[in-house]
Structures are given as structure tokens and as C-alpha cells.
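Novice: Going by our numbering, the sequence shown opens with residue -17, and the numbers climb by one from there.
Just so you know, even glycine gets a beta-carbon here, dropped at the ideal spot from N, CA and C.
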Amino acid sequence: IADHAERRIFTHWGCKALVSLRWQAEKRGAKMRMAIAFVDLLSLLGLIFCNVHLTDKSRQRGLRAGWVAACTTACVVWGVGVFLHALIIVGYASNGLLMRYLCVRRHWFEVLNLALAGSTVLVASISVEVSQSNAFRAALGYVVYDKWMKFLDQLRLIRAVGLHVLPIDATLRSVGPFIGVLLVYLLAATSLYFALAIDKQGFIQCFFWMYHLTVLGEFDLSELLGASSLRLVADADGSLRQAEADTTEYHYILPWIIVFMSFLIGVVLMNLFIAILCHSYTLAARRAKEDLLRDRAASALEQFAMREGVMTAFCPRRAKSIRRRRGSNMQQVYAHRTVTRHSEKIEDMHDAHVWVAIANTEEG
């Protein structure tokens, strides 16, 4: 159900009852994972705070104690996260669903983030000097950003939060094609400006200039022209005064290019982007309840896989007997349904009717 492509299945009362019943059984496990995500986020935020202020000698002693506490907490929470994820993998594999686990991109993303978080926390625990490098700080910033997103994913399972957050998330995911079109227009404007070879600026610098001009609406004509708007002039008495600079070779062409690009991208495309956002959010808000059910079904499935992993790892005989009993019960249900449908068809063959509807073409 969680991976079903048709969203309308979650509007059926039977699907709602099934997901709600399973969610109630797995609700405690979801709350536990939410608490783990919150503690993990707090520990990494503590690492960031200590890392930024660790060079302050007046606060170094107290910060080192906080650094050690944050590293210890982060290592413990990371180990718990790896253990729980390993249980999920075992749970999928024990029920013959390993290929389903491998086909979900989110699982691969979580494994990569766990590896990056583990290496970052390990480096922070081993060497304080290495943690002052720019590469470590960039990696730590990304890990904390990922933890914020993971915490938000856990929060949106709460109905009061999810009904407001899910439409926003769906709207952000729906504007991908527009972002691609906007990027093409920005690259085209950048290529046009770069071809003028003003002050021999690099392509990346030209891209940022065009982004400020078209998207943010911030630009300085003199900087785009590659010349200062003022120059110093020496008077007869030897004093210096400011005067307007001489016009450049692109003084009359570039302003028209700016007008065209700012109107096309800054006005037309940006207003179209706002219209797309409004339309996408309206549609996403209408199906927020269905998206909440889908997320809860996926969370309940992972909780079920985790419990299956625990039984398989620590009580393999009991887990095997439970799966055998579950499989036999399902076979009995399917066999009963098949026999019932076959007998009903035989009984109804002697008392069958064909109903025909004829449209009335007479007027009046």
C-alpha cells in the first residue's frame, strides 16, 4: 500500500481503516524514532556551537567539556541509528523483501548519510585540530542540515503537523521542471554577458551577476559595464575632484540587454513561478490527508520490518514459526476466497440476468 502509485487508493475507507489500525500498533516505535532524531539533532548542534567558539581561549575549558559530551552523545546516537537500520534490512530480508528495500532510493540516501555522519563524528572525537578545518566544517554543516530534514520527516507523521507540512513539501517537489527551465534561461543570459568579455570575468562570476540581476533584482550598472561611475580629475591648482567616468564601448547596448533580461526572467518567469506555486499548493492541500496516510503506512512498514529484524536476530526459531503460521493463514484465506468465488459463479449461472439501458431519444 505504501508504494502504490495510485493516490486514490488512500481515499477508500478500507485502506484508511487498515493503515490507521497498523499505525496505532506501530505508534510507539515511531515516537521512539522521533525522540532519537531529536537527540541526534541536539548533539550535532552542540558540536557546531563548540566548534565555532573553540578558538576562544577564555571559554576553551568549558567548551572542551561540552565538545566531549556532544561527541559522546553523537557517537551513541549514531550507533543506535546504524543498529536500527541494520534491523530494518534484516526484517526486509527475512520476509523476502530485500529487493524492495534495494529499489527504494530513500534507503540508499539514508545509508550514505549514516556513513557521512559516522565519519564526521569519528573525526570530531579523534582530533580537535582537524575539526577546525574548512572541509570538516562543511561536512558537519551538511550533516546537521540532513538531521533537520530527518527530524521534520518524523514530525510530519503527527496529524496536526503533517497536514500543514506535507502540502509545502509536495509543492517544493513539484516545481522541479520550472527550476530546470529557469536554469536554462539563466545560462542563456550568462552566455550572452560572458561573450561581451567585460573585464575578462569568469563564467561563474557572470552567472552570479545574472542571478542578482534577473532573480534578485539587484545590480549596479557601472559594475556590469566593468567601469567605475566616477573618476578623479586634477584641477589647475593641483587638487583632485570626482567626475563622471568616460562611457565604455557597451554603454548604449548593455542597458537594453539588462531591460530585456530583467523583464523576461525577473518579471515574467518569476510571476509564472508564483502562479505555479499557488496552483501546486492548492492541489497538494486537497490531498494532504492521503499523503499523511501514505507516510504513516511507510513508517508502519519500517517499524514492522524493525520488529521482524529483532525477532530474526535474537529469536530466530520463534520468528520462523510466526512467519510459517502467517503464511499458512494467508494461503487459507486465498484458498477460501477462490473456492467461494467459484461456487458463487456456478450457483449464479442458472439465475443470471443482463441489464440493458437504452437512451430515450424522444424530445418532450
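Inspect the CB distances between the segment 8 to 24 and the segment 129 to 136 and report whether three or more fall short of 8 angstroms.
Specialist: The segment 8 to 24 vs the segment 129 to 136: in contact.
Novice: When we look at the beta-carbon of phenylalanine 185 and count the other beta-carbons within 10 Å, is it buried (16 or more) or exposed?
Specialist: Phenylalanine 185 is exposed by the Cβ-count criterion.
Novice: Taking 8 angstroms as the threshold (C-beta atoms), are isoleucine 140 and methionine 288 in contact?
Specialist: Against a cut-off of 8 angstroms, the Cβ pair of isoleucine 140 and methionine 288 comes out as no contact.
Novice: Any beta carbon of chain C sitting closer than 8 angstroms to that of cysteine 85?
Specialist: Among the chains in the structure shown there is no chain C, since it carries only a single protein chain.
Novice: Give the secondary structure of isoleucine -17 by DSSP, where H, G and I count as helix, E and B as strand, and everything else as coil.
Specialist: Three-state DSSP puts isoleucine -17 in coil, outside helix and strand.
Novice: Would you kindly report the start and end of the unbroken alpha helix (DSSP H) that includes phenylalanine 351?
Specialist: Any property of residue 351 remains undetermined from this structure, which presents the chain solely from -17 to 346.
Novice: Just mark aspartate 273 as buried or exposed, buried being the case when its beta carbon has 16 or more other beta carbons within 10 Å.
Specialist: Classification of aspartate 273: buried, given that the 10 Å Cβ count is 16 or more.
Novice: Measuring only the C-alpha atoms, how far is valine 241 from asparagine 253?
Specialist: Valine 241 and asparagine 253: Cα-Cα distance of roughly 17 angstroms.
Novice: Are there 16 or more other CB atoms within 10 angstroms of the CB of asparagine 116, so buried, or fewer, so exposed?
Specialist: Exposed: under 16 other Cβ atoms inside 10 Å.
Novice: For arginine 155, which of Ile239, Leu45, Tyr263 has the nearest alpha-carbon?
Specialist: The option with the nearest alpha carbon to arginine 155 is Tyr263.
Novice: Could you compute how far the alpha carbon of serine 2 sits from the alpha carbon of isoleucine -9?
Specialist: Looking at the two C-alpha atoms, the distance is approximately 14 angstroms.
Novice: Are the beta-carbon atoms belonging to alanine 266 and alanine 152 less than 8 angstroms from one another?
Specialist: Yes, the pair counts as a contact, with Cβ atoms nearer than the cut-off.
Novice: Can you give me the C-alpha to C-alpha distance between cysteine 297 and leucine 165, rounded to a whole angstrom?
Specialist: Looking at the two C-alpha atoms, the distance is approximately 54 angstroms.
Novice: According to DSSP, is arginine 138 part of a helix, a strand, or is it coil?
Specialist: It is coil, neither helix nor strand.
Novice: Out of Val163, Asn33, Leu246, state which residue places its alpha-carbon closest to the alpha-carbon of arginine 119.
Specialist: Here the closest residue by C-alpha is Asn33.
Novice: Quick check: the Cα distance between glycine 73 and cysteine 260, rounded to an integer number of angstroms?
Specialist: The alpha-carbon atoms of glycine 73 and cysteine 260 are separated by roughly 41 angstroms.
Novice: What number of angstroms, rounded off, separates the C-alpha of threonine 172 from the C-alpha of phenylalanine 189?
Specialist: Threonine 172 and phenylalanine 189: Cα-Cα distance of roughly 5 angstroms.
Novice: In whole angstroms, what separates the C-alpha of glycine 63 from that of glycine 158?
Specialist: Cα-Cα distance, rounded: 31 angstroms.
Novice: Taking the alpha-carbon positions, what's the threonine -7 to alanine 295 distance?
Specialist: In a straight line, the C-alpha of threonine -7 is about 37 angstroms away from that of alanine 295.
Novice: What residue ranges within the segment 0 to 61 form continuous beta strand (DSSP E) runs of no fewer than 3 residues, ordered along the chain?
Specialist: The segment 0 to 61 contains no whole beta strand (DSSP E) run of 3 or more residues.
Novice: Label arginine 362 either buried or exposed according to how many other C-beta atoms from any shown protein chain fall within 10 Å of its C-beta, with 16 as the threshold for buried.
Specialist: What the structure shows of the chain is the stretch from -17 to 346, and residue 362 is not part of that stretch, so it cannot be assessed.
Novice: Just to check my reading of the structure: alanine 12 and glutamine 285 have Cβ atoms closer than 8 angstroms, yes? What is that Cβ distance to the nearest angstrom?
Specialist: With a Cβ gap of about 6 angstroms, alanine 12 and glutamine 285 count as contacting.
Novice: In whole angstroms, give me the CA-to-CA distance for cysteine 85 and glutamate 111.
Specialist: Rounded to the nearest angstrom, the two C-alpha atoms are 40 angstroms apart.
Novice: Given a cut-off of 8 angstroms, decide if asparagine 77 and aspartate 128 are closer than it, judged by their beta-carbon atoms.
Specialist: No; because the gap between Cβ atoms is not below 8 angstroms, this pair is not in contact.
Novice: When the Cα of lysine 420 is compared with those of Val147, Cys53, Trp191, which residue comes out closest?
Specialist: Lying before the first or after the last residue shown, residue 420 is absent from the chain, which here runs from -17 to 346.
Novice: Can you give the Cα-Cα distance for serine 211 and leucine 195, rounded to whole angstroms?
Specialist: Note on serine 211: pLDDT 48, under 50, position unreliable in the model; no value is reported.
Novice: Quick check on isoleucine 304: buried or exposed, where buried means 16 or more other Cβ atoms within 10 Å of its Cβ?
Specialist: By the neighbour-count rule (16 or more Cβ atoms within 10 Å), isoleucine 304 is not buried but exposed.
Novice: CB-CB under 8 angstroms to threonine 320, same chain, minus the five flanking residues each way: which ones, in chain order?
Specialist: With a pLDDT of only 48 at threonine 320, under the threshold of 50, the placement of this residue in the model should not be trusted; the figure read from the coordinates follows. So no residue of the chain qualifies.
Novice: In three-state terms, what does DSSP make of histidine 324?
Specialist: With a pLDDT of only 44 at histidine 324, under 50, the local geometry of the prediction cannot be trusted, and the value read off the model is given with reservation. Reduced to three states, the DSSP call for histidine 324 is helix.
Novice: Taking 8 angstroms as the threshold (C-beta atoms), are tyrosine 167 and isoleucine 247 in contact?
Specialist: It is a contact, given that the beta carbons lie within the stated cut-off.
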